[in-house]
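Engineer: Numbering (UniProt numbering) for the sequence shown: 1 to 470.
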Amino acid sequence: MHAGTNPFEVITQAVKALEKHMQTFLHREKKKSPSFLDWFGWCTWDAFYTDVTAEGVEEGLQSLTEGGTPPRFLIIDDGWQQIENKPKDADTVVQEGAQFASRLTGIKENGKFQKNGQSNEQVSGLKQVVDQSKQRHNVKYVYVWHALAGYWGGVKPAASGMEHYDTALAYPVQSPGVVGNQPDIVMDSLAVHGLGLVHPKKVFNFYNELHAYLASCGIDGVKVDVQSIIETLGAGHGGRVSLTRSYHQALEASISRNFPDNGCIACMCHNNDGIYNAKQTAVVRASDDFYPWDPASHTIHISSVAYNSLFLGEFMQTDWDMFHSLHSAADYHGAARAIGGCPIYVSDKPGNHNFELLKKLVLPDGSVLRAQLPGRPTRDCLFADPARDGTSLLKVWNVNKCSGVVGVFNCQGAGWCKIEKKTRIHDASPGTLTGSIRAADVELMAQVAGANWNGEALVYAHRSGEIFFL
1 MHAGTNPFEV ITQAVKALEK HMQTFLHREK KKSPSFLDWF GWCTWDAFYT
51 DVTAEGVEEG LQSLTEGGTP PRFLIIDDGW QQIENKPKDA DTVVQEGAQF
101 ASRLTGIKEN GKFQKNGQSN EQVSGLKQVV DQSKQRHNVK YVYVWHALAG
151 YWGGVKPAAS GMEHYDTALA YPVQSPGVVG NQPDIVMDSL AVHGLGLVHP
201 KKVFNFYNEL HAYLASCGID GVKVDVQSII ETLGAGHGGR VSLTRSYHQA
251 LEASISRNFP DNGCIACMCH NNDGIYNAKQ TAVVRASDDF YPWDPASHTI
301 HISSVAYNSL FLGEFMQTDW DMFHSLHSAA DYHGAARAIG GCPIYVSDKP
351 GNHNFELLKK LVLPDGSVLR AQLPGRPTRD CLFADPARDG TSLLKVWNVN
401 KCSGVVGVFN CQGAGWCKIE KKTRIHDASP GTLTGSIRAA DVELMAQVAG
451 ANWNGEALVY AHRSGEIFFL
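1) Please classify residue 112: does DSSP put it in a helix, a strand, or coil?
2) Give the range of the beta strand (DSSP E) segment to which residue 419 is assigned.
3) Which residues does DSSP pair with residue 318 in a beta bridge?
4) What's the C-alpha gap between residue 225 and residue 283?
5) For residue 23, which of helix, strand or coil comes out of DSSP?
6) Quick one: grab the DSSP three-state call for residue 72.
7) Here's the rule I'm using: 16 or more other beta-carbon atoms within 10 Å means buried, otherwise exposed. How should residue 6 be labelled?
8) Can you give the beta carbon distance from residue 341 to residue 398, rounded, assuming they're within the 8 Å contact cut?
9) Would you tell me roughly how many angstroms separate the C-alpha atoms of residue 425 and residue 413, rounded to the nearest one?
10) Using a 10 Å radius around the Cβ and a threshold of 16 neighbouring Cβ atoms, would you call residue 453 buried or exposed?
11) If you follow the beta strand (DSSP E) that residue 408 is in, where does it begin and where does it stop?
12) Using a beta-carbon distance below 9 Å, is residue 139 in contact with chain D?
13) Tell me whether residue 274 sits in a helix, a strand or coil according to DSSP, three-state version.
14) Pull up the distance between the alpha-carbon of residue 14 and that of residue 78, whole angstroms please.
15) Please determine, among 180, 177, 187, 388, the residue with the shortest C-alpha to C-alpha distance to residue 170.
16) Taking C-alpha atoms, which residue in 441, 379, 255 lies nearest to residue 10?
17) Just to confirm the assignment, what range does the alpha helix (DSSP H) spanning residue 359 have?
18) Spatial neighbours of residue 153 within its chain, please: CB distance less than 7 Å, with the 5 preceding and 5 following residues excluded, ordered by chain position.
19) Just tell me which of 376, 269, 263 has its CA closest to the CA of residue 305.
20) Between which residues of its own chain and residue 202 is the CB-CB distance below 6 Å, once the five residues before and five after are set aside?
21) Between 68, 244, 320, which lies nearest to residue 339 when the distance is taken from Cα to Cα?
22) When you compare each of 367, 177, 259, 373 to residue 311 by their alpha carbons, which one comes out closest?
23) Extract the residue ranges of the beta strand (DSSP E) inside the stretch 137 to 204, only unbroken runs of 3 or more that lie entirely within it.
24) With residue 265 as the anchor, note down where its beta strand (DSSP E) starts and where it stops.
25) Taking all protein chains shown into account, decide if residue 356 is buried (16 or more other Cβ within 10 angstroms of its Cβ) or exposed.
26) Does DSSP put residue 367 in a helix, a strand or coil?
27) Nearest to residue 178 by alpha carbon, out of 231, 24, 210, 54?
28) Please report how far the alpha carbon of residue 18 lies from the alpha carbon of residue 27, in whole angstroms.
29) Secondary structure at residue 225, three-state DSSP: helix, strand or coil?
30) Can you give me the C-alpha to C-alpha distance between residue 149 and residue 300, rounded to a whole angstrom?
31) Is residue 16 helix, strand or coil by DSSP?
32) List the endpoints of the continuous beta strand (DSSP E) containing residue 397.
33) Taking Cβ positions, are residue 212 and residue 258 nearer each other than 9 Å?
34) Using only CA atoms, which one of 139, 130, 198, 175 lies nearest to residue 157?
35) Return helix, strand or coil for residue 132, following the three-state DSSP convention.
36) Using only CA atoms, which one of 410, 406, 401, 402 lies nearest to residue 392?
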């Protein structure tokens with residue numbers, strides 16, 4: 001707990017007091033930020049989903065490079081791993097989500113990433129993909145996806161070559177609050193099929209062997225997803241706090257050993273036990289996914305990442321997720337990434353790009369002019385509801401080395417529906433809103449301007465190109 005007149009400083013000092021008391025995590029300022037943050041990236045997820053292939057990776061990198069916005073970091077998302085193929089079972093209670101119960105069967109890449117589709121090749125197909133990405137396209141950093149438990153359904157018990165992890169089936173138990181707020185097909189599926197949980201005393205071996213193999217292929221880091229699932233599996237392992245701590249300590253120890261640039265992005269990880277055990281992890285997804293096909297998701301996405309960054313940004317640099325550059329909401333998402341202090345990366349399908357937009361975000365060498373802090377709502381927005389109240393604009397502030405920046409967004413019209421248990425549009429035509437912008441909206445403007453600043457400022461309006469004196 002802390003008190004004061006500056007709300008941002010109050011939050012910072014409260015978290016630092018908790019850091020000192022618990023001694024289980026470090027504040028963001030003490031962590032090493034991975035270098036990929038300052039480079040433009042491409043993620044395979046919305047481009048290919050789990051159908052990603054080695055050829056698809058090459059195609060995506062080539063497409064963006066030819067357009068003048070070369071990706072310098074690459075995330076190979078879900079779809080590269082060896083998992084079991086589960087046949088459909090007519091007697092299964094939860095069929096729709098059964099794919100999420102699939103379990104990991106090996107730490108190496110699947111046949112889609114092997115040369116000519118042959119999994120018995122002596123040279124790793126994943127290494128070839130990484131080498132080609134770095135040599136042909138000058139990609140600096142390549143990350144791959146995996147779940148905290150290995151895969152959505154964990155690790156297959158007694159899978160060949162993985163017996164020494166002592167994996168056993170565990171069945172998630174969710175809190176009544178979570179179930180009441182958001183029933184989830186993934187959790188329903190796992191409650192029926194079970195999750196293959198690596199024994200907490202063996203989980204470091206699992207991570208270390210996985211990450212050592214990835215590092216030998218030239219991989220620079222990992223996006224570790226589905227993290228909060230671990231808190232539902234504590235029975236028999238000392239409870240959720242003990243199990244979560246074991247997993248996160250093992251993960252960070254392996255990251256430190258195998259990825260010297262602190263190459264880790266934490267995702268689906270907003271459980272307190274995970275956040276309060278992050279001594280090293282420096283990048284955290286601040287939101288739900290970017291959903292290109294859901295028109296109700298875009299305004300609430302921007303509102304959510306900004307407000308979530310108030311808290312999460314004290315622990316790590318917040319990641320506001322990928323987006324599509326060729327999309328009806330592309331300008332909206334792009335503007336948010338420009339001021340969010342977050343990594344700037346897209347998940348475009350090859351050939352589907354808006355290079356006019358991308359060149360506002362990406363320099364010719366593939367670097368980005370990233371703001372320095374997690375983007376957060378301005379002081380006068382902290383207790384407003386810019387998604388539902390019909391009157392408030394969302395203003396997000398940040399600083400660069402020589403200036404401050406404020407982004408203004410109309411987020412009205414959509415939000416989470418407690419009845420339907422999903423994001424929905426409640427006002428299809430929210431209308432035009434007006435508001436005010438001041439130099440003081442940038443909380444650290446005085447530090448940027450210097451000791452002799454008298455409060456005067458020049459404001460450049462990006463969309464109109466006008467300059468105002470305040």
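A virtual CB, placed ideally from N, CA and C, is assigned to each residue, including glycine.
Computed from a predicted structure; not experimentally measured.
Structural biologist: Concretely, from the data shown:
1) helix
2) No beta strand (DSSP E) contains residue 419, which DSSP labels as neither H nor E.
3) 284
4) 12 Å
5) coil
6) coil
7) exposed
8) 6 Å
9) 6 Å
10) exposed
11) 404 to 409
12) Although the question refers to chain D, the structure presented lacks it and comprises just one protein chain.
13) helix
14) 37 Å
15) 187
16) 379
17) 355 to 361
18) 100, 101, 102, 103, 190, 193, 195, 196
19) 376
20) 165, 166
21) 320
22) 373
23) 141 to 147, 168 to 170, 195 to 197
24) 264 to 266
25) exposed
26) strand
27) 231
28) 10 Å
29) strand
30) 29 Å
31) helix
32) 394 to 399
33) yes
34) 198
35) helix
36) 410
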